[in-house]
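The UniProt record's numbering numbers the first residue of the sequence shown as 1 and each following residue consecutively.
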Amino acid sequence: MDFHGSCLASIPIEYGDSYDVTCLDNNNVAVTTGNSKCCGINIIHLPSRKRMKFIDLPGKPYSIASNDEMMLCVVQNIGIYQIDKKDYKTSMFIQGNLPYKSFVVTSEDKIYYSNDTSSVICTNKSGEPVSTFNYKSVLQQPRGGTFDNYGNLYISGESSYNVVVLSSDGKQHREILTRSDGLIYPSAIFFDKDENKLIVSSGNTNILIFNVS
């Protein structure tokens, strides 16, 4: 899809449904199956529009992220699994009773994820906690996260109808979008680092695009 809302391509998923997607490289993406009978991740080759591999997981997978070495995936009520991008071996990264609405994102040496108490936790690459962001007066039910070019984390608050930006050092935060900007139950969020635009899903029908200066 382009910025005008036009569909550029459609790739059918034959093995399970689709919930979240992350880019692995210029040619491949990973797609989680979400609430379907087939629990795992589809590796899709974009040029051929074909599924190259299916990675089994022990529960229903939802949010997914990747860095140079691994993928990280929220598995409902189990925790976060890490998947090696070379051999696709899976292992537990964070154990915990995470709801399906939890998100996971990664940037450089930091990994952020949300839990069932409206907290956003930052860990290092070993999964050791570094900091926790929990201000329910500002952010409720964090559903998605995305980074800008400076490592600042933009978080969508589904129940608080807003977007909050958390500084790269985790010490400052600011509410930048609210219901008055058209946000209704915002969930998926993405920062286009080339165009400097913030893309936010609002409800089940709308996708909003904001210029960031």
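By construction, the Cβ of each residue, glycine as well, lies at the ideal position given by its N, Cα and C atoms.
Integer-rounded CB distance, given that residue j should sit under 8 Å from residue i
{"i": "Ser126", "j": "Tyr113", "result": "About 14 Å; that fails the 8 Å criterion."}
{"i": "Thr32", "j": "Pro61", "result": "4 Å"}
{"i": "Asn67", "j": "Asn97", "result": "Not really, about 25 Å apart at Cβ, beyond 8 Å."}
{"i": "Ser187", "j": "Gly144", "result": "6 Å"}
{"i": "Ile83", "j": "Met70", "result": "6 Å"}
{"i": "Phe147", "j": "Phe93", "result": "19 Å between Cβ atoms; not a contact."}
Same chain only: Cβ atoms within 7 Å of residue i, ignoring 5 sequence neighbours per side
{"i": "Tyr88", "result": "Lys53, Ile55"}
{"i": "Asn149", "result": "Lys193"}
{"i": "Asn27", "result": "His45, Leu46, Pro47"}
{"i": "Asn115", "result": "Gly96, Leu98, Ser102, Ile121"}
Proximity below 8 Å, CB of residue i to CB of residue j
{"i": "Ser156", "j": "Val212", "result": "no"}
{"i": "Arg165", "j": "Arg174", "result": "Checking the sequence, you will find Val at residue 165 rather than Arg. Cβ atoms of Val165 and Arg174: closer than 8 Å."}
{"i": "Asn152", "j": "Ser168", "result": "yes"}
{"i": "Ala9", "j": "Val21", "result": "no"}
Reduced DSSP secondary structure (H/G/I, E/B, other) of residue i
{"i": "Val74", "result": "strand"}
{"i": "Asp2", "result": "coil"}
{"i": "Cys7", "result": "coil"}
{"i": "Thr123", "result": "strand"}
{"i": "Ser201", "result": "strand"}
6 Å CB neighbourhood of residue i in its chain, flanking five on each side removed
{"i": "Ser160", "result": "Leu139, Gln140"}
{"i": "Ala65", "result": "Thr22, Leu72, Val104, Val105, Thr106"}
{"i": "Lys110", "result": "Cys122"}
{"i": "Ile209", "result": "Lys197, Ile199"}
Own chain partners of residue i with C-beta closer than 8 Å, once the 5 adjacent residues on each side are dropped
{"i": "Asn35", "result": "Asp17, Tyr19, Lys60, Tyr100"}
>> Give the list of continuous alpha helix (DSSP H) stretches no shorter than 4 residues that lie fully inside the stretch 126-197.
In response: Here no run is fully enclosed.
> Residue ranges of each beta strand (DSSP E) run of no fewer than 3 residues wholly in the stretch 10-35, ordered along the chain?
Replying inline: At a cut-off of 3 residues, the continuous stretches assigned as beta strand (DSSP E) that sit fully inside the stretch 10-35 are 21-23, 28-32.
> At what residue ranges does the stretch 41-120 contain a whole run of the beta strand (DSSP E), taking only runs of 3 or more?
Replying inline: Counting only runs of 3 or more, we get 50-56, 61-66, 70-75, 79-84, 90-95, 104-107, 110-114.
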